[in-house]
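Chains as they are written, first to last, in our numbering: chain A, 1 to 441; chain B, 442 to 690; chain C, 691 to 1438; chain D, 1439 to 1619.
Built from N, CA and C at the ideal position, the CB exists for glycine as well.
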């Protein structure tokens, strides 16, 4: 379980809390950098777009959805493994979950927030976006509950709320640990955060019960969220969107990219926060196996999609497919296949699975592949719809590209802030995995 | 709860507007249509469509509620051109209507597919879902070079950036006709009293507009023509526009 | 509850105060901007806010003379529709006519009189009407006194009705014979040919509506030819207006026009041989015995040479096709042949049209429904000036200008600098004229050469009347009235002429005593009413005038259709000559035939400054905002040209650079370029956009009519290697088997 | 060792109270503005009194607002209309407000009345339909006959319209295209 020998309880506390309590200049530099990238690349173009209109992006009449939506799906997808994986592994009692789940859940939260931002960027009149919430209003108008976008709003807000509670609940004992290890204002704050946690048996019991309940509750939720996101597409008749396989396809892709994301985040935690003792090869190995499985499922669904399109044989679907496979964006399609279907097969070799650097590379490639997958779905289907006379073309504008880049900065910024406020590894659960020490009598 | 169930039944019945007075319908005879595009300009004048400029055209961001699509058949020298005016089909089973999260587009009691600009938040889902690609988005707030704005029709709202727009079957003309009918204490408008701008302008009289609920209306008779068909019928959108196939002599 | 200290209390009060202030400011901030409610000082009688009124007047966007209704709300023009009671438009209107609102509300209109220091430059100074008219009046007056009135010239576009009379009278009184018209679109050759065939050069009424078989040689009757709105309506009826009977149309032209696209059969004969094809068909009609007239032998001998085999070889139309069309043409009860477009723009245009007219003779359709119904020249208002004189007239004017015989040139409503070939040298010749006065609403290429620019009202702000040409078979006169108050400091062109007359003095004001165009027209109508129109009417003139104003048109549908058609076909037989057009340029050096064509949107370029028309996708190609050169896909393949490759099109007269467009319905060996773009100055929407193919047309002429043979130029094409994106709205122009144009197979 | 949440919150009590007071103040301010400073009753260029015209002189509404019954807009009377009557009312000819009117008339200038009832451009309201339906002017515009200076009595917001349409069961009166197009 531990690569460098088992730490003592005190060491665990010290190791993990030190990442919160001791802040070096490098951290501030990094935070400053990501914040300015987020400001310059994301918020400034967005403000510009708010003034001139969505026309600042590259979308047009033949492709009214563009990279904003594909980024939205990507971030929703990335959110998937965190909470889901954590919950699944919690119920199945996998011990290797314990040192990674906190960051994974944080990833869920922050990618959901980034995704929600993309909805704001996407819509034409963001200042009226609250109309899509079922808020009672004097006009007597309600949102349209038949709309898949409405399902989306419901699903995502529910998921966001549930994930937040889930991660918070799991952190309460750790907040108490922070409270006890600090003084002054921080102590006061964490007193509030920890809800006065004292560590009594009854408290532990209640936490355990509630946590398990939420774990069970979150799993179907996570599955439903991406199914519903996929229905945004699948419920339309657009060739390339209108597939019954879309819900499982999206869910599988989401978990896939999310798991790859966890590998990336783990690498960073290990590297930059010095968690070598807690995040070890056993995690890497397990995640690697999971990734291979997911990759195979993903490939299978892809083949299935191609097959049903070909077997259906309608001119609409075939035209959209041939545009996807051979048109302007074909290189992206093949790139996606290589990164998501073939490269992960390398993990069949244990040597590669256990190498941090190689796994980092593979995980990043998978996510690049998944980002392109989403882009391809959005960008190659719409311009090839039903009327050939309205066939068109879509290329993202620099504003869209900049906003996409900026969204990563937002995510990293949020994560950087997170590690200073919440222990990035669950202290008490890591302690649970330690072999009981002999008490000095 | 019971009212809810009742409503649900009422609205899930296909063609729930059967009990209403009107079902506005258009027929377009492709054997008469010459592709002259008089309708396109008529629509632009009537409905305050913006002048977008060459750059926007190059970006495929023009706004034309009615457009002529052209399709070649055959090769030189035995080549034929087929024109087809494409405008909002006001489908009875419109894909766009289910898509809008805020009910900016819905089916109204006259069988019309509405678009309420001031309710639209601009998700553009309706445009993605529309198989006919007749929904146009305001990528920018368009302005008119002075004094072109003096031409703007005061009966039609000028749209701002971020909202979707499309053919309304000239709802302002329908409203005026209904208004006149009410003045005369008539329950329904007469056949031919409502003429959308495109239909009015058509030099070859290819287009016909009326209430297909009225079996005596010209349009009801024209719809029964053996040449009649609806575009992309296999999608089951049940459009309110019936095209009459061009005769190939 | 702990005690609140004084200090705390103050803080709470402070916070509360800031809150209240913030709330008030917020309220102020979200408050709607104050809007004013401006009442009328004195309300006009026919005015109701919020309710539209319709005024009838006449369209001036082309020469067809459609009646229009303009929708006015709160004193502003909102929409133009066809006038339902007008016999030409019959309630319908084309795109160009509807875009008339863009003329009225064009941001580039000239708003005040201007004086220009150096020609061709943008430098103009505003000048008052008084100053401008005094200066010009004294210049003209001096010439008149000196007896040099012949050195004054008036050049206008196609002008009819009483404005024409006013121009003629003005020039007559000045003592100058030089009032002339130039209009690129005027069918001089058709008029000349009809004079030969039918004995009158008044354009006849082609009854397309009732025809069974319409054979069109190059005439784009649905887009640009003579009276497109009227013919479009007629076409609709020809197709589907009669129960169980669908008329057939055949179009002969090298590049498919709107009418070609509508036709059942499109025949791309070799350019310049369309007349020959007509003679071939005529030959079959006679030789097959389908024609049974008394003068069969004469026809037979005149058409002897034009056997199908010979014609087929020349025209590259198969013998079968010629025979088949001739049979159908002969067998139809009402068959009609018309000629226009490129057929009427060759060096043998008149011969070609005579050949087509021969078909009408042989079909025996003269004066019959579905045939050619002759119009008699209308007497009210009588045609006063000359009809547009084509290239010959322009060449004469240029020669006079070059020779220094022109002292003052008045230009109105015509743009010869744009619509004449470059090597006519109109612009250069203008340099020799000491004083050029433009009566114009826009800074077009001719106006920018003027020393004085007198801004005219647009037709929607002017009084006038018009006789539609071609007529509709019975006497019709339309009346046009201002539908809105003038937007700027402009005057109706008639008023300018009348003011000038007053300014010049002498006998002019005595013979032209009217204060305004309105008065002049009303005066003339009153005279006419007293003489003839009042017959059988019991109303007085004012009531009659009001009625005509409301209707926008006066007509006598019952009256005779005009002169009986020339029953004798001998003039036509006598006039049959070789109709094959000669081309400028050697076939080896210049392997392609240039086919410039009028577009339904811009016509000869006059519509290019209207944004709605610039944004109207071309009907056949969907291109907006620019020029293109159409090439057959096979030709393009051979030359390795793709869409968007910039081609250099060089004729013996010059060259243009224009992007290529692959067009599947054009004859190989022909390159077609639309007319209308390529303005160097004509407002923000038109200038510096595309190219003008008229500029490289060689100045060949049809000798008989003096008309420009604009379809008789050969060119060569070089791919410059540059690329220019053609802006178009079309995606893929094939249906890919989908259910779009008709109920096909069940899925796409 | 104190770990009570309440205790931890204790120091936050005062700032929280201040924020609360501030927020409360905001609402009070907005209310005060709406009550006393809003554009509901703007000062007009001429101190025209509907009370004098309607109650005292018993002039019916549509005598001046002539278009209300037959067009979408009610219309303000033209200056000539005002003068038409006031020329023949010598009793008030010298009053300062009437002199203002006379000045406008002499200069042939319109009177820049300030709009009290203003709708956004995307609302297409029609007076005609409402008058023909038998509504009294007062139902929307309030007791104008008692007002010296006109005051807006209704919000003119969508719920206000819709409530009435619902109450009166206007046929298809809740279809959006009734007013928005």
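Check your understanding: Mapping DSSP to helix, strand and coil, what is residue 1043 of chain C?
Key -> Helix, per DSSP.
Exercise for review: Below 7 Å between beta carbons is the criterion; list the residues of the stretch 69-85 of chain A that meet it against any residue of chain B, in chain order.
Suggested key: Taking 7 Å as the cut-off between beta carbons, none of the residues of the stretch 69-85 of chain A comes near chain B.
Check your understanding: Leaving out five residues before and five after residue 37 of chain A in sequence, what residues of the same chain have Cβ atoms less than 6 Å from its Cβ?
Key -> Closer than 6 Å at the Cβ level, and outside the excluded window around residue 37 of chain A, lie 409.
Practice item. Give the DSSP-derived three-state secondary structure of residue 933 of chain C in the structure shown. Key: Coil at residue 933 of chain C, not helix or strand.
**Study point:** Option in B:580, B:595 and B:668 with minimal Cα separation from residue 604 of chain B
**Key:** Taking residue 604 of chain B as reference, the option from B:580, B:595 and B:668 with the minimal CA-CA separation is B:580.
Practice item. Inspect the beta-carbon positions of residue 430 of chain A and residue 267 of chain A and report whether they are closer than 8 Å. Key: A distance of 8 Å or more separates the beta carbons of residue 430 of chain A and residue 267 of chain A.
Review point. Should residue 951 of chain C and residue 1391 of chain C be called a contact, given that it needs their Cβ atoms to be closer than 8 Å?
Key: No.
Practice item. Give the straight-line distance between the Cα atoms of residue 1655 of chain D and residue 1507 of chain D, rounded to the nearest whole angstrom. Key: Since the first residue of chain D shown is 1439 and the last is 1619, residue 1655 of chain D is not available in this structure.
Practice item. Use the C-beta contact count for residue 1289 of chain C: other C-beta atoms within 10 angstroms, 16 or more gives buried, fewer gives exposed. Key: Buried, by the Cβ-count rule.
**Study point:** Straight-line gap, residue 1366 of chain C to residue 914 of chain C (C-alpha atoms, nearest Å)
**Key:** Each residue's Cα considered, the two are about 12 Å apart.
Review point. What does residue 1488 of chain D touch in chain B if you count any residue whose Cβ is under 7 Å from its own?
Key: Neighbours of residue 1488 of chain D on chain B: none; closest Cβ ~27 Å, over 7 Å.
Practice item. Have a look at C:1149, C:1393 and C:733 and flag the residue whose alpha-carbon is nearest the alpha-carbon of residue 1083 of chain C. Key: Of the listed residues, the one whose Cα sits closest to residue 1083 of chain C is C:1393.
Review point. Closer than 8 Å, CB to CB, is residue 481 of chain B near chain C or not?
Key: Closer than 8 Å: yes.
Review point. Listed from N- to C-terminal order along the chain, which residues in the stretch 713-736 of chain C have their beta-carbon within a distance smaller than 7 Å of any beta-carbon of chain D?
Key: Of all residues in the stretch 713-736 of chain C, 713, 714, 716, 717, 718, 721, 722, 724, 725, 726, 727, 728, 729, 730, 731, 732 and 733 have a Cβ within less than 7 Å of some Cβ in chain D.
Exercise for review: Check whether the Cβ atoms of residue 1160 of chain C and residue 895 of chain C sit closer than 8 Å, and answer yes or no.
Suggested key: Going by C-beta atoms, residue 1160 of chain C is nearer than 8 Å to residue 895 of chain C.
Check your understanding: What whole-angstrom Cβ distance do residue 1497 of chain D and residue 1491 of chain D have, given they're in contact under 8 Å?
Key -> In this structure residue 1497 of chain D is in contact with residue 1491 of chain D, their Cβ atoms being roughly 5 Å apart against a cut-off of 8 Å.
Check your understanding: Closer than 7 Å, Cβ to any Cβ of chain D: which residues of the stretch 737-748 of chain C, in chain order?
Key -> The residues in question are 738, 739, 740 and 741.
Check your understanding: At a cut of 8 Å, does the stretch 13-23 of chain A reach the stretch 175-193 of chain A through at least three beta carbon pairs?
Key -> Under the Cβ criterion (8 Å, minimum of three pairs), the stretch 13-23 of chain A counts as touching the stretch 175-193 of chain A.
Review point. By how many angstroms is the C-alpha of residue 342 of chain A removed from the C-alpha of residue 1292 of chain C?
Key: Approximately 58 Å between the Cα atoms of the pair.
Check your understanding: For residue 1526 of chain D and chain C, any beta-carbon pair shorter than 8 Å?
Key -> The beta carbon of residue 1526 of chain D does not come within 8 Å of any beta carbon belonging to chain C, so the residue lies off that interface.
Review point. Can you tell me where the beta strand (DSSP E) with residue 1183 of chain C in it begins and where it stops?
Key: Segment 1183-1194 is the alpha helix (DSSP H) holding residue 1183 of chain C; no beta strand (DSSP E) there.
Exercise for review: State the start and end residues of the unbroken alpha helix (DSSP H) segment that holds residue 1319 of chain C.
Suggested key: Residue 1319 of chain C -> not in any alpha helix (DSSP H); beta strand (DSSP E) instead, spanning 1319-1321.
Review point. Distance, Cα to Cα, residue 849 of chain C vs residue 1512 of chain D?
Key: Rounded to the nearest angstrom, the two C-alpha atoms are 45 Å apart.
Check your understanding: For residue 475 of chain B, which of C:922, C:882, C:783 and C:887 has the nearest alpha-carbon?
Key -> That would be C:922, whose Cα lies nearest to the Cα of residue 475 of chain B.
Practice item. Grab the span of the beta strand (DSSP E) containing residue 270 of chain A for me, first residue to last. Key: No beta strand (DSSP E) holds residue 270 of chain A; the alpha helix (DSSP H) holding it covers 246-273.
Practice item. Name, please, each residue of chain C whose Cβ falls closer than 9 Å to the Cβ of residue 392 of chain A. Key: Ordered by position in chain C, the residues that pass the 9 Å Cβ test against residue 392 of chain A are 1421.
Exercise for review: Using a cut-off of 9 Å between C-beta atoms, extract the partners of residue 594 of chain B located in chain C.
Suggested key: Under the 9 Å cutoff, chain C gives 761, 763, 768 and 769.
**Study point:** Contact list for residue 321 of chain A against chain C, beta-carbon separation under 9 Å
**Key:** Scanning chain C for C-beta atoms nearer than 9 Å to the C-beta of residue 321 of chain A yields nothing, as the closest lies near 13 Å away.
Review point. Which same chain residues, not among the five before or five after residue 1 of chain A, have their C-beta less than 8 Å away from its C-beta?
Key: Legend: pLDDT at residue 1 of chain A = 49, less than 50; position of this residue unreliable, no value from coordinates given.
Review point. Going by other Cβ atoms of all chains shown within 10 Å of its Cβ, with 16 needed for buried, is residue 311 of chain A buried or exposed?
Key: Here residue 311 of chain A is exposed, its C-beta having fewer than 16 other C-beta atoms within 10 Å.
Review point. Taking DSSP as the reference, what is the three-state secondary structure of residue 1469 of chain D?
Key: Helix, per DSSP.
Review point. Around the Cβ of residue 463 of chain B, are there at least 16 other Cβ atoms within 10 angstroms (buried) or fewer (exposed)?
Key: Residue 463 of chain B should be labelled buried.
Exercise for review: Please compile the residues from chain D whose C-beta is within a distance smaller than 7 Å of the C-beta of residue 138 of chain A.
Suggested key: Chain D residues near residue 138 of chain A: 1597.
**Study point:** Whole-angstrom C-beta distance between residue 1297 of chain C and residue 1382 of chain C, which should lie under 8 Å
**Key:** Incorrect: roughly 14 Å between the Cβ atoms, too far for contact.
Review point. Would the stretch 469-485 of chain B and the stretch 669-688 of chain B be scored as touching if the rule is three or more Cβ pairs under 8 Å?
Key: Contact between the stretch 469-485 of chain B and the stretch 669-688 of chain B is present, because at least three Cβ pairs lie under 8 Å.
Point to revise | chain A residues whose Cβ lies nearer than 9 Å to that of residue 527 of chain B | key: Against chain A, the beta carbon of residue 527 of chain B has neighbours under 9 Å at 387, 389 and 390, listed in chain order.
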